[in-house]
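Participant: Following this message is one structure expressed as structure tokens.
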Amino acid sequence: MKTEHPFTRRDFLKLGGFLAASVSIPGRWAELFAAGLEKMTSHTPVIWIQAQSCTGDSVSLLNSTDPEPAELLTRYITLVVHQTLGAAQGQTFMKALEQAASVDGYLLAVEGSVPLGMPKACLIGGRTAEDILVQLIPKAKAVVAIGTCSAFGGIPAAEGNPTGSGSVQDLMNKHQLNWKGKLVNCPSCPTHPKPIVGTLAYLAAKGYPEVDEVLLTPKIFYGTSTHDQCPRYHDYERKIFSKHFGDPHGCLFKLGCLGPLTRTECPHRQWNSGVNWCIRASAPCIGCSSPFFAKKKSFPFYRIGEQQHPVKYTENDRKGV
Ligand code: SF4
Ligand code: SF4
12 MKTEHPFTRR DFLKLGGFLA ASVSIPGRWA ELFAAGLEKM TSHTPVIWIQ AQSCTGDSVS
72 LLNSTDPEPA ELLTRYITLV VHQTLGAAQG QTFMKALEQA ASVDGYLLAV EGSVPLGMPK
132 ACLIGGRTAE DILVQLIPKA KAVVAIGTCS AFGGIPAAEG NPTGSGSVQD LMNKHQLNWK
192 GKLVNCPSCP THPKPIVGTL AYLAAKGYPE VDEVLLTPKI FYGTSTHDQC PRYHDYERKI
252 FSKHFGDPHG CLFKLGCLGP LTRTECPHRQ WNSGVNWCIR ASAPCIGCSS PFFAKKKSFP
312 FYRIGEQQHP VKYTENDRKG V
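Heads up: the sequence shown begins at 12 in our numbering, then just goes up one per residue.
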């Protein structure tokens, strides 16, 4: 999929700046991301496998606000294998996969959960996704679980699902593959392109990032709660609460907003070229990047008329204590 890239050092710095714009120390991160992106165009191939996935994260990647990082990844970076973005299909795809897997040190991106209780529910070229991932993981420099399905199970792992879906970490546990210092989770439904490209660039430039001990999420992109950065936070503090969904005034906590328990940069970077995001549209955060997203039948995304928050929440939860 790779073609010769036309980028100069200045271009890489500009792209690094785009990625760094959403994290707290732009100057420092811009150079690091630039170095990682440059490395990915020459030395560090990316293998992207989609298991039980709706392709939402790949679509999100293509909808990048600043198209250059996504264009760089899909057109110039050594994205050697991708089921939907690559031209190779059928046996050609399987051959490309075998070839890519024969060289150590690639970055392995995984989108979608894995049907651990019914492996044949997800076949790629006649092989189970589980079998392919077990082959690919040991030789990878790092594994990046992209999207909540891959990171925590997400929608395919909802209560009552018949396939025994699990996360990449569940798969690694099942096959006794060591995930410490190797697996990075980049959840959200879907994941914004900046954490995707930024995490891959960081891994290429510097290696394993600082992650949350439990969630394995990179602190650069998932370091603070949505609540802490929310423009309605002052309403929360003053106990001014929204009366109904769509209410442009007040904090949405009493309508079930999960912002306090969810770690993303949504308030800063927003979605659709920075046009909007859930809370600006006066809809509660449904915790799409959290491990309990879509897990319980008894805990639907929206709970009409509810006046009490469904989750016991203390300030310590928000701080990750
Ligand atoms: S509870 Fe939700 S709406 Fe209220 S301040 Fe926190 S994130 Fe914003
Ligand atoms: S505000 Fe919450 S539900 Fe909306 S995209 Fe961000 S993390 Fe997901």
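A virtual CB, placed ideally from N, CA and C, is assigned to each residue, including glycine.
At which residue ranges does the stretch 100 to 154 contain complete beta strand (DSSP E) runs of 3 or more residues, listed in the order of the chain?
Facilitator: Complete beta strand (DSSP E) runs here, min 3: 118 to 122.
Participant: When every heavy atom of ligand 2 is checked, does at least one fall within less than 7 Å of the C-beta of I290?
Facilitator: Judged by the Cβ position, I290 qualifies as a neighbour of ligand 2 at the 7 Å threshold, a heavy atom of the ligand being closer than this.
Participant: For S6, which residues does DSSP report across the bridge?
Facilitator: Beyond the ends of the chain as shown, which are 12 and 332, falls residue 6; an answer cannot be given.
Participant: Identify the continuous alpha helix (DSSP H) that holds L182 and give its terminal residues.
Facilitator: L182 -> alpha helix (DSSP H) spans 179 to 185.
Participant: Do T228 and R291 come within 8 Å of each other at the CB atom, strictly closer than that value?
Facilitator: no
Participant: Rounding to the nearest angstrom, what Cα-Cα distance links V286 and H186 in this structure?
Facilitator: 43 Å
Participant: Hey, could you find the ends of the alpha helix (DSSP H) H203 is sitting in?
Facilitator: Bounds of any alpha helix (DSSP H) do not take in H203, whose DSSP letter is neither H nor E.
Participant: According to DSSP, which residues form a beta bridge with V92?
Facilitator: I58
Participant: With DSSP as the reference, please indicate the residues paired to P229 in a beta bridge.
Facilitator: V222
Participant: Quickly, what does DSSP pair C374 with across the bridge? List them, please.
Facilitator: Summary: the structure shown does not reach residue 374, with the chain confined to residues 12 through 332, and so no result is reported for it.
Participant: In angstroms, rounded to a whole number, what distance separates the CA positions of V92 and E42?
Facilitator: 27 Å
Participant: Under a three-way DSSP split, which group does Q240 fall into?
Facilitator: helix
Participant: Closer than 7 Å to a non-hydrogen atom of ligand 1 - does that hold for the CB of C133?
Facilitator: no
Participant: Quick check: what's the CA-CA separation for K217 versus G27?
Facilitator: 14 Å
Participant: Express the C-alpha separation of V57 and M51 in angstroms, rounding to a whole number.
Facilitator: 8 Å
Participant: Closest to C133 by C-alpha separation, out of T174, P206, Q146, would be which residue?
Facilitator: The shortest C-alpha separation from C133 is found at T174.
Participant: With hydrogens ignored, establish whether the beta-carbon of H238 is closer than 7 Å to any heavy atom of ligand 1.
Facilitator: Relative to ligand 1, H238 has its C-beta within less than 7 Å of a heavy atom.
Participant: Any heavy atom of ligand 2 closer than 7 Å to the CB of G298?
Facilitator: For G298, the shortest separation between its Cβ and any heavy atom of ligand 2 lies below 7 Å.
Participant: With a cut-off of 8 Å on the beta carbons, I'd call V154 and V121 a contact; round off their distance for me.
Facilitator: 7 Å
Participant: Considering only the alpha carbon of each residue, which of L211, I166, S309, I148 lies closest to G44?
Facilitator: Note that residue 44 corresponds to Phe in the displayed sequence, not to Gly. Of all alpha-carbon atoms in L211, I166, S309, I148, the one lying nearest the alpha-carbon of F44 is that of L211.
Participant: Which whole-angstrom value is the C-beta distance of C200 and P206, which I expect to be below 8 Å?
Facilitator: Distance from C200 to P206 at the Cβ level is roughly 13 Å; contact not present, criterion being Cβ atoms closer than 8 Å.
Participant: Using CA coordinates, which residue listed in V70, F304, E49 is at the minimum distance from W282?
Facilitator: V70
Participant: Check this for me: beta carbons of L263 and P295, under 8 Å apart or not?
Facilitator: yes
Participant: What do you reckon, is the C-beta of T235 under 7 Å from a heavy atom of ligand 2?
Facilitator: No; taking the cut-off as 7 Å, the Cβ of T235 has no heavy atom of ligand 2 nearer than that.
Participant: What would DSSP say about C277, mapped onto helix, strand or coil?
Facilitator: helix
Participant: Does the Cβ-Cβ distance between T237 and P278 come in under 8 Å?
Facilitator: yes
Participant: Within 10 angstroms of the Cβ of P167, are there 16 or more other Cβ atoms? Answer buried if so, exposed if not.
Facilitator: buried
Participant: How about C277: is its Cβ closer than 7 Å to a heavy atom in ligand 2?
Facilitator: The answer is yes for C277.
Participant: Do you know offhand how far W59's Cα is from L90's?
Facilitator: 7 Å
Participant: Under 8 Å, do L118 and T55 count as touching if we go by C-beta distance?
Facilitator: yes
Participant: Helix, strand or coil for M12, going by three-state DSSP, please let me know.
Facilitator: Only weak support is given to the placement of M12: the predicted model assigns it a pLDDT of 49, under 50, and the value that follows is read from those uncertain coordinates. Three-state result, M12: coil.
Participant: Alpha carbon to alpha carbon, how far is T235 from K106?
Facilitator: Rounded to whole angstroms, T235 and K106 show a C-alpha spacing of 42 Å.
Participant: Quick one: is G128 buried, meaning 16 or more other Cβ sit within 10 Å of its Cβ, or exposed?
Facilitator: exposed
Participant: If you count every other CB in all the chains shown that lies within 10 Å of the CB of S113, and 16 or more means buried, which is it?
Facilitator: exposed
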